[in-house]
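Worksheet for the structure shown next.
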Amino acid sequence: MFDELEKQSQNKEIDHNKTFIIEGITNQEIGTKIKSFAKIFLKIEISFLIIGAIGTLVGALSADDAAIMVLLAGAISIFVVFIVSYFGFLVISGFGALIEDINAIKTMQEKKKEK
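All the letters of the sequence shown, read from the start, carry residue numbers 1 to 115 under our numbering.
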């Protein structure tokens with residue numbers, strides 16, 4: 001059953017009868033757009049974390065007395081922010097996959113009714 005769902009969700013046929021009013025986006029494209037947004041947003045977050053890590057390293061090198069504390073606090077905070085952002089990516093990407101699967105199930109049910 002899951003193989004059939006995956007084939008249906010990867011199917012590039014567009015049913016123009018199921019079109020949202022805004023910009024002509026079909027139901028089948030919504031899940032893909034949500035997943036691509038999640039990937040792009042994660043890449044942006046990772047680039048900001050890299051910039052933050054470089055800033056933390058520079059701050060630790062410029063601090064004389066508390067260099068280890070600055071480096072440790074920066075590393076812990078960057079690690080926590082990365083975990084939270086990756087969890088957000090998984091939730092948003094999973095939501096996009098859920099929409100694709102629901103659309104695939106509806107399409108399969110419609111095809112069975114036509115037969």
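The C-beta atom is built at its ideal place from N, Cα and C for all residues, glycine as well. Since this is a predicted model, take the numbers as computed values, not measurements.
message: Could you give the first and the last residue of the continuous alpha helix (DSSP H) run that contains D101?
response: A67 to E114
field: Own chain, CB closer than 6 Å to G96, minus 5 neighbours either side, in chain order
entry: G31, I34 and K35
Cβ-Cβ separation, I83 to T56 (assumed contact under 8 Å), whole Å: Not quite, the Cβ-Cβ distance comes to about 17 Å (not below 8 Å), so this is no contact.
- prompt: According to DSSP, is A63 helix, strand or coil?
  reply: coil
- prompt: According to the neighbour-count rule (16 or more other Cβ atoms, all chains shown, within 10 Å of its Cβ), is E110 buried or exposed?
  reply: exposed
query: When we look at the beta-carbon of A38 and count the other beta-carbons within 10 Å, is it buried (16 or more) or exposed?
result: buried
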